[in-house]
Amino acid sequence: MAPPSSRPSPGRPARASYQRLPRDERRDQILGVARRMFTEVPYADVSTAAIAREAGVQRGLIHYYFGTKRDLFLEVVRDLTAGYAGQAPPADPTMSLEETVGLCVRLFLDAAENNADTWLAALDAEGFGQDPELRRIVNKTRDLTVEHMLAVLHVPEPTDTLRAVLRTYSGLAEVATRQWLQEKTLSRAQVHTLLAGSLLVLVRDIAPAVEQT
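Numbers given in the numbering used here equal positions in the sequence shown, counted from 1, plus 7.
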């Protein structure tokens, strides 16, 4: 039987027991705990002490690997956005524009659903609205998403204007997925219909008109 001191308090998760791990594994363990906590608790209410307790490490180890809480949060966002947009499939010239638009939207919704909590936490983090580093990370992800959209849509020589038009679409996509994943006012099927229809009109009609303006 375990000694009384090792038993978790009622209603409170047990603290992770300490194990000596290689440097990379220990860092990944802390990052995983931080990612979970930042998605479950508002940024302002998360402390490095709480993260250390859940990870079963000393708080100083968090500072050693990541620096401040802000630095750790930014690393969580970088880790998420590194694979957020996913990899575009090879161009398929046999697919119609409607089919490729549908595929593009499905890939985006898959990525949003798989990473919903952390991505929404990144956008909603209190006090981070004007943080230049967070803005740079989010913008980089939006740009990467646009490039993957262009690849899926088989655009061989996209112009800066088309990129700008598609980037405005990313704002609609973020609001729509928030309504689905956070507000629960739309279903995934409804969001797919909204985004696929909007993207189709944007690519087929609006973008060419903007290019000629």
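For every residue, glycine included, the Cβ atom is placed at its ideal position computed from N, Cα and C.
Proximal residues to residue i (C-beta, below 7 angstroms), its chain only, five neighbours per side dropped
| i | result |
| --- | --- |
| I69 | I37, T55, I58, A59, L79 |
| M156 | C111, L173 |
| F73 | L79, E82 |
Pair within 8 angstroms by beta-carbon distance, residue i and residue j
| i | j | result |
| --- | --- | --- |
| T168 | F115 | no |
| R211 | L110 | no |
| T166 | E218 | yes |
| V112 | H199 | yes |
| L188 | L127 | yes |
Residue i versus residue j - alpha carbon distance
| i | j | result |
| --- | --- | --- |
| A183 | Y71 | 39 angstroms |
| G67 | D150 | 36 angstroms |
| P139 | N146 | 10 angstroms |
| D50 | R33 | Residue identity differs from the one stated: residue 50 is Tyr in this sequence, not Asp. C-alpha separation (whole angstroms): 22 angstroms. |
| T148 | G63 | 32 angstroms |
| A196 | V40 | 32 angstroms |
| L202 | R77 | 33 angstroms |
| T75 | P100 | 49 angstroms |
| N122 | I213 | 30 angstroms |
| V223 | D35 | Summary: the structure shown does not reach residue 223, with the chain confined to residues 8 through 220, and so no result is reported for it. |
| E181 | M44 | 22 angstroms |
| Q65 | E190 | 37 angstroms |
| V208 | A171 | 15 angstroms |
| P215 | D31 | 49 angstroms |
| E154 | T220 | 23 angstroms |
Sequence-distant residues of its chain with Cβ nearer than 8 angstroms to residue i (five each side left out)
| i | result |
| --- | --- |
| R240 | With the chain covering only 8 through 220, there is no way to say anything about residue 240. |
| S205 | Y176, L179 |
| V162 | L169 |
Range covered by the alpha helix (DSSP H) that runs through residue i
| i | result |
| --- | --- |
| V115 | Correcting the residue type first, residue 115 is Phe in the shown sequence and not Val. Segment 104 to 121, the alpha helix (DSSP H) holding F115. |
| Y72 | 66 to 72 |
| V198 | 195 to 208 |
| P100 | Careful: P100 lies outside any alpha helix (DSSP H) and carries neither H nor E. |
| Y284 | An answer regarding residue 284 cannot be provided, because it is not within the stretch 8 to 220 covered by the chain. |
| V145 | 139 to 159 |
| E218 | 214 to 219 |
| T55 | 55 to 62 |
6 angstroms CB neighbourhood of residue i in its chain, flanking five on each side removed
| i | result |
| --- | --- |
| A186 | The sequence as given places Gln at residue 186; Ala does not occur at that position. The answer, listed in chain order, is T192, L193. |
| L160 | T107 |
| V48 | none |
| E133 | Per-residue confidence for E133 stands at a pLDDT of 48, beneath the threshold of 50, marking its modelled position as unreliable; the derived number appears in the next sentence. Once the five neighbours on either side are set aside, the close Cβ partners of E133 are Y50, A51. |
| E5 | Summary: the structure shown does not reach residue 5, with the chain confined to residues 8 through 220, and so no result is reported for it. |
| R143 | none |
| E164 | none |
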